[in-house]
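Take 137 as the starting number for the sequence shown in the working numbering and just add one per residue.
Glycine included, each C-beta is placed from N, C-alpha and C at the ideal position.
Working notes, structure below.
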Amino acid sequence: PSPMTVLECFRELVWLLRRGFPMSATEFFYTLMMPTTLAFCGSLGTIDMDAAGLAISVYQLTVENCATSVRWGLMPFLAQTMGGTKKYRVGNFVQRGLLAGLLFTCVNWAVALNTGNLLILLGQDPVISAKSEQFLIILMPGCLAMNLCEALIAYTDTVGYLWPTLVIRCVSLLVNILLQYSLVLRGGFGI
């Protein structure tokens with residue numbers, strides 16, 4: 137094979153950036169969500185900051201990993217179905233992904249309701265463990281939405297609609313920042 141010219145390399149780079157930007161920016165905005173929450177919790181005090189950081193870590197280990205598992209477990213089935221002749225089965229796979237998200241939500245709630253005891257069992261301070269459980273229970277209503285949203289994002293990614301996901305993640309980050317600012321800093325709400 138002949139080596140690529142500079143113009144061909146530039147065209148390929150432009151193509152890669154055009155195709156990869158929505159997905160990269162989406163993951164960037166999504167990744168900023170929890171550190172933003174933790175940054176606003178820093179004004180609450182040392183124990184509350186420790187509890188919030190621990191709760192966010194537990195949330196990322198349980199809810200986010202389960203939601204990501206639903207998404208990446210569903211994508212190969214969707215991609216194979218979209219490439220095949222039986223495209224009508226896509227809806228079946230999306231429904232199964234939504235059901236898997238619902239079942240993962242039950243497991244995540246079980247972990248959330250026992251977080252304090254699990255953290256004490258792992259050697260954490262009982263005060264911080266109790267506050268972490270309270271903070272995690274505050275975060276848990278978003279668990280079902282996250283699990284179901286990841287199944288739907290798997291569908292939109294497979295179809296090739298990347299921009300709606302980017303817009304949703306960007307708007308959700310901005311809403312999160314506004315809520316954190318108004319509730320934690322201005323409203324004085326803590327754990």
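In angstroms, rounded to a whole number, what distance separates the CA positions of residue i and residue j?
i	j	result
residue 151	residue 310	29 angstroms
residue 335	residue 284	Any answer about residue 335 is impossible in this case: the structure gives the chain only from 137 up to 327.
residue 243	residue 188	21 angstroms
residue 174	residue 288	27 angstroms
residue 290	residue 308	18 angstroms
residue 216	residue 199	27 angstroms
residue 315	residue 323	10 angstroms
residue 270	residue 213	38 angstroms
residue 237	residue 139	47 angstroms
residue 210	residue 233	6 angstroms
residue 164	residue 145	26 angstroms
residue 156	residue 147	14 angstroms
residue 184	residue 296	42 angstroms
residue 266	residue 278	20 angstroms
If distances are taken between C-alpha atoms only, which option among the options comes closest to residue i?
i	options	result
residue 208	229, 194 and 222	229
residue 312	185, 247, 222 and 171	171
residue 318	148, 161 and 177	177
residue 255	286, 159 and 195	195
residue 321	280, 225, 281 and 180	180
residue 218	292, 169 and 234	292
residue 250	235, 239 and 268	268
residue 262	226, 186 and 192	186
residue 227	143, 201 and 294	294
Could you give the C-beta distance for residue i and residue j, rounded to a whole number, given that I count them as a contact under 8 angstroms?
i	j	result
residue 162	residue 305	5 angstroms
residue 260	residue 197	Contact doesn't hold; Cβ gap of about 14 angstroms is too wide.
residue 272	residue 241	Actually they do not touch by this definition, with Cβ atoms about 14 angstroms apart.
Tell me which residue opens and which closes the alpha helix (DSSP H) that residue i is part of.
i	result
residue 174	169 to 177
residue 300	299 to 316
residue 185	182 to 195
Spell out whether any CB of chain B is found under 8 angstroms from the CB atom of residue i.
i	result
residue 209	Here there is only one protein chain, and chain B is not present.
Legend entry - beta strand (DSSP E) runs contained entirely in the stretch 209 to 251, provided each spans 3 or more residues: Listed in chain order, nothing qualifies, since the stretch 209 to 251 has no complete beta strand (DSSP E) run of 3 or more residues.
Inset, instruction - Could I get the ranges of all uninterrupted alpha helix (DSSP H) runs contained in the stretch 255 to 286, with 4 residues as the minimum, in chain order? - result: If we require 4 residues or more, the alpha helix (DSSP H) runs fully inside the stretch 255 to 286 come out as 262 to 275.
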